[in-house]
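Using the working numbering, the letters of the sequence shown correspond one by one to residues 171 to 1196.
For every residue, glycine included, the Cβ atom is placed at its ideal position computed from N, Cα and C.
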Amino acid sequence: MDEGGSRIRRRVSVRKRNRPSLDSVSTACPATELKPSDEEEDKEMEAGSRRRKTVDVQPVEIIDSEEDMFGDYDSFAENSLLAQVDDLEQKYLQLPEHRNHATDHATEDLCSGSNKHNTLNVPTVGDCTELNIDEHMKNQSRHEDVSIEPEADILYDVPSSQVLFFENLYKSSSDLGDPSTEEKDWNSSSPKTVNEKLPVNSREQPQQTVESSSKIRPSSDANMRKSLKDHLKSTMTGNAKAQTPIFSRTKQLKETLLSEEINVAKKTIESSSDDLGPFYSLPSKVRDLYVQFKGIEKLYEWQHTCLTLKSVQERKNLIYSLPTSGGKTLVAEILMLQELLCRRKDVLMILPYVAIVQEKISGLSSFGIELGFFVEEYAGSKGKFPPIKRREKKSLYIATIEKGHSLVNSLIETGRISSLGLVVVDELHMIGEGSRGAILEMTLAKILYTSKTTQIIGMSATLNNVEDLQEFLQAEYYTSQFRPVELKEYLKINDTIYEVDSRAENGMTFSRLLNYKYSDTLKKMDPDQLVALVTEVIPNYSCLVFCPTKKNCENVAEMICKSLSKEYLKHKEKEKQEVIKNLKNVSGGNLCRVLKHTIPFGVAYHHSGLTSNERKLLEEAYSTGVLCLFTCTSTLAAGVNLPARRVILRAPYVAKEFLKKNQYKQMIGRAGRAGIDSVGESILILQEKDKQQVLELISRPLENCYSHLVQEFTKGIQALFLSLIGLKIATNLDDIYRFMSGTFFGVQQKVLLKEKSLWEITMESLRYLTEKGLLQKDTIYGSEEEFQNNFHITKLGRASFKGTIDLAYCDILYRDLKKGLEGLMLESLLHLIYLTTPYDMASQCDPDWMIYFRQFNQLSPAEQNVAALVGVSENFIGKKASGQAIRKKVDKNIVNRLYLSFILYTLLKETNIWSVSEKFNMPRGYIQSLLSGAAAFSSCVLHFCEGRARQLYNAGYKSLTHLANANPEVLIRTIDHLSRRQAKQIVSSAKMLLHEKAEALQEEVEELLRLPSDFPGIVASSTEKA
C-alpha cells in the first residue's frame, strides 16, 4: 500500500510541475509583443531574474486541502502571476498617456487576446497561455471558412474566479458612467451574459487597437489607484474556495485504501482460505471504527470462535445463545458488515421494540457514513414499502417485528427478496410470545421458502428447546456461558440475604444480615428495607429496582427519596438541574410532580407512562451517571441497554402474574456493566409464603418456546394464508400445506396438535377465509379423478392484506367505511378521527364514565350527530356515569372507540399532551402511544382504501379538483360497484374539502398582505401620539 501511496504522490507532483510557469509563458509570447522602454526593460529583467531564482529553490510538495489552491503560477507570493500583474499595472499608471484611463486599459487588455500595435498586454493566465492558440485560430480561419458566433464565450477556458472578476470590473466601470446608462441597465429586462457585457471579443477581433480604449468611460481617481492585484486576489480566493470542492489528498488515499481492502476482503470471503484478512474478512478501517466509536479493541474469545466457525464462513444459518451482556450483538454486527461491504447485499435486522431500533440506528449510522452504506429505520410510522432500490450503496434495514414482516412482503411482491443477503433476529425467543411471535414466524418462514440465498442469524439469552428452532431455521447452534462480569444472585427474606447456590441442598446459602438502623416511621414506609439495599450502592454506582406495576414504580421512587439524606442532593447537582430544565423544555414547561421531587436525589421512575422525549432524556442521564437509580417495570429488561451494579426485584411478580424464568433471567441480566464493574449483583425480595415457588423458579430450566401461529387465529394462520395467496407464494392447497409443514408450527405439530392434523387445520382456515369473502376458490380439473383447488384473493382480501389489518376487524372496518361514505360528517373532524382510531386499543380501554359524560356534554350539535351516527347516545353515557342499570344492549367496542376518539380530538385542538392527560386522567405516555397507534392505523386504512382510490385515479380523477367537478352519473358508469348515493357523496365531499382549502389559502393571502401590528413605523407613530 505504501508503494501505491508513493505512486499517487508522484503523479500529483508531476501534474504540478507540468503547469506552465510564468517564464515559459513569457517565452511562448512573441518578443515583438513586449516592448517597454529600455529603463523599464532593465528593471523588469532584474525583477524577473530574482523571481526565477525564487521559483527554482522552492521544493515541490503534495497539495492537501489546506495548501495553496492555485499552484505555482497563481499563488500570492512575490514571484506569482499577480505580482507581475501588479508591476505591469503600476507601469501603466506611471505612463502619462495612460494615467487617466488605466483601469479601462486593464479591462480592455484582459478582454482582448493581443494588441494591434504590439503594446503591453496585461498577462493574465487566460491571455498568455492562449496566445499561441489564438495565432493558430487565425491561421486556421484563413484556410477554412468557419464563422464564429458573436455570442461565443470568450472566457470559456478562463477559470470561474477570473470570469467573476471581469464581470465585477465591468459593473464597477458601468456604475461610474452617466445616469442614462444606469437607467438603461435598470430597465433592461433580459438577463445579459458575460459576452454581452464585455465590449470586446478576443477571438473575433484579435487585433484591436489601443485607440478603441477611448470609447470606454473614464474612471475616478480612487479607482485608478486601486490595485488590480487586490481585485484578483480576493475574487480568486473567495470564488475558488466557494465553487471548487477541494478534497484532501489524505482523505482520497484513505478512501482508495478502503476500497482496495474491501475488494481483497471480498475475494477472501469468496475463497476457501483460512486467512481472514485484517479484521474477520473486513477492512482494517472497521476495526479502527470500533475502537473509535465503541472503545472495543479486542474481541472476547467466544466471539472469535463464533466468527471463525466453519458454518459461519460457509454462510449457513446460525442460532447462538449467551447470557445477557455477553456481547452477542457485536458478532451480528460484524456479520452484517461482511454482507454489506464484501458481498454487496442488503441486510435486515429485526429487533423487538421501537426504542431498541432507535438505539441501534444511532449506534450504526456513524458506521454507515464512514463505510458507505445506508442505515434505514423501519419502526413506528417510518419506513418505505417497497424500499428504495439503490444501484451502488447497499442498505441496512433496522426494523421492528411488524415492520420487518411488511418489508419482507414488499420485497417478495416486487421480486427483490434475493437482494436481501442476511436477516438478523435479536431476542429470537420472542417467536413464542403471542401475536408478535406469530408475525416473526411468518416472516422467517417466507424468507426460507422464497430465497435460498438469504442467510438467517438468530440470537437470544433465554433459549431452551433450541432443537425445534434449529429444525425450523435449518441452522447450526453455538452457545457459551461466558459473561464479562461475574453475576451473583441473592434472595432476601426478612432481614436475611441468601446467595443462590445450585450445589446447596435447598438451592441457597446464608450470606449476611442487613445492618441498617431504621426508625419506626421508616419501617412502616419501607417494610422491605429497600432503602438499606440501594444506599449500599448509590450514588457512586448505579442501581435498578424492578417493580410489579407502573404506580408502584412512582411510589417506590418517592419513598426512597423521602428516606435519603440531604447529602445525596449535592452529588452532580448542576447536572441534575440541567436534566430538570431539559425535561421542562421538551414538555412545554411542564414537569411531573414525582420527577421534580426525585431527580435532585438522582432517582427517577421509568415506565410506559413517560413520553418518548422524557424517556430518552432520563435514559441519557442514567447512562452518564447523573441519575443513579431507576425504579422500573419489567419492560426495561427487554428494552434499551441500561446495565447497573445492582439489580433489585421488588417482588417475584409482573403485575399479578408470578415471575417466569425467562423474565427473571432478563431482569437479573442487567446487573454488571462490562468495563466498569468487577461484579454484578441481583437481589430478589420475597415473602416467606413465596419462598418455595421462588426456589422452584431458580432451579427450573428456561421455558420452552412454542409456536403461536394457530393460537393467534386471525393474526396468525389466517393472515399467513391470505398473504401467501396475495403474494402468489403458494396458491393451491398442496403448496400451502407444504409451506405450513416448513413453519415452526409444522415442526412442533406433534406437540401442539392433539385433536386435529395439520391438513385439517389448513383446510379449516382456507374455508373460513373463503366464507368471509377474503378468498375465492377455483377448482381446476385434470383427468377424470384428479382436480386441484386453486385460490385467488378477492378485493376485500387484498385490501386487508395490503393494509395489514387484523382479520378480526377487516369486515368491521369495511362496514364502518361504507357507512361513513354514505353519510360522512365533515362539519368537524371527529368522524374522520373515529374512523382512524385503532380497534385493538379500543378493546383494551376502560373509560372514566364521569369524564366521558362531561366531554359528551361539551360537544357541538354536529359532533353529537357523529356520536349518534356511530351508535352512542347521551342517555347511555349518562346512565353509565350515574351507575344506573342499562337494559339496551350497546356494542362496548364502539363506545370505547368513541372515547378514544374524544381523546385524539381534544389532542388535535389543544396539541398539548399534558393538558389532555390531565383532562382525561390518563398517563401522558399512554396518550402518546394512542397518537402513534392512530397514525399507524390511519396508514393501514389508507392502504385498505387504495383500491377505490386507484380506480378513481385510473379513471382520470387525479386530484381533489377533478373530483369536485366530476359528474356523479359519469362516476357510476366509470367506477365498478359505485352506487349513485356514494358517487354524489364523493363529489360533494370533494367540493367541501376544496372550498375549505380555498378559504384557508384566502386567509393566508390576507394575512400576508396585512400590515403587521408591530410594524416599526406604526409603533413609533402611536408612541409619539401618546
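A Cβ-Cβ distance of about 7 angstroms is found for the pair Val527 and Ala569, placing them in contact under the 8 angstroms criterion. In this structure, Phe544 lies near Ser565, with their beta-carbon atoms less than 7 angstroms apart. Taking the Cα of Lys740 as reference, the smallest distance to any Cα among Arg606, Phe771, Thr913 and Tyr460 is reached at Phe771. In the three-state DSSP reduction, Glu484 falls in the coil class, being neither helix nor strand.
The region 700 to 747 is shown to contain whole alpha helix (DSSP H) runs of 4 or more residues at 700 to 705, 720 to 733 and 737 to 740, in chain order. Look at Asp948 here: in three-state DSSP terms it is strand. Unbroken beta strand (DSSP E) stretches of 3 residues or longer found wholly inside the region 468 to 522: 487 to 491 and 516 to 520, given in chain order. Residue pairing of His962 in beta bridges, as defined by DSSP: Gln946.
For Ala645, the three-state secondary structure derived from DSSP is strand.
Cβ contact annotation for Tyr470 (same chain, cutoff 6 angstroms, sequence separation greater than five): Gly497, in chain order.
Per the C-alpha coordinates, the member of Arg561, Arg560, Glu597 and Phe555 positioned closest to Val578 is Phe555. DSSP, reduced to helix, strand and coil, places Met629 within a strand of the structure shown. With a cut-off of 8 angstroms on Cβ pairs, the region 807 to 819 is not in contact with the region 726 to 744, counting fewer than three such pairs. Runs of the beta strand (DSSP E) spanning 3 or more residues and lying entirely within the region 998 to 1061 do not occur at all. The bridge partners DSSP lists for Met678 are Val670.
Rounded to whole angstroms, the separation of the alpha carbons of Leu856 and Met837 is 16 angstroms.
Assignment of Asn1124 by DSSP, reduced to helix, strand and coil, places it in the helix class. For Asp596, the enclosing beta strand (DSSP E) stretches over residues Leu590 to Asp596. Pro1017 sits buried, since 16 or more C-beta atoms from the chains shown fall within 10 Å of its C-beta. Between the alpha carbons of Met612 and Ala502 lies a distance of about 22 angstroms. Phe1107 is not a Cβ neighbour of Thr974, given a cutoff of 7 angstroms.
A residue is called buried when at least 16 other Cβ atoms come within 10 angstroms of its Cβ; Leu1171 does not meet this threshold and is exposed. Counting along the chain, the unbroken beta strand (DSSP E) around His776 starts and ends at Val773 to His776. Assigned with DSSP and collapsed to three states, Arg820 falls in coil, not helix or strand.
Going by DSSP, Tyr1096 is part of no beta strand (DSSP E) but of the alpha helix (DSSP H) stretching over Arg1094 to Phe1114.
Check the Cα spacing between Ala825 and each of Lys926, Asn760, Lys721 and Lys835: the tightest is with Lys721. For a cut-off of 8 angstroms, the C-beta gap from Tyr490 to Cys476 is around 6 angstroms, short enough to register as a contact. Distance from the CA of Val764 to the CA of Ile750, rounded to the nearest whole angstrom, comes to 12 angstroms.
The Cβ atoms of Tyr1022 and Tyr1096 do not sit closer than 7 angstroms to each other. In this model, Tyr688 and Leu761 are separated by some 32 angstroms (Cα to Cα).
Pairing Lys885 with Ala608 gives a Cβ-Cβ distance under 7 angstroms. Pairwise C-beta distances place the region 589 to 601 in contact with the region 514 to 521, as three or more of them are shorter than 8 angstroms. Using a 10 angstroms sphere on the CB of Thr781, the tally of other CB atoms reaches 16 or more, which defines it as buried. Ala1038 is classed as exposed because its beta carbon has fewer than 16 other beta carbons within 10 Å across all chains shown.
Counting only residues of its own chain and dropping the five nearest sequence neighbours on each side, Leu534 has a CB closer than 6 angstroms to the CB of Val545. In this structure, Thr494 places its C-beta atom within 7 angstroms of the C-beta atom of Gly839.
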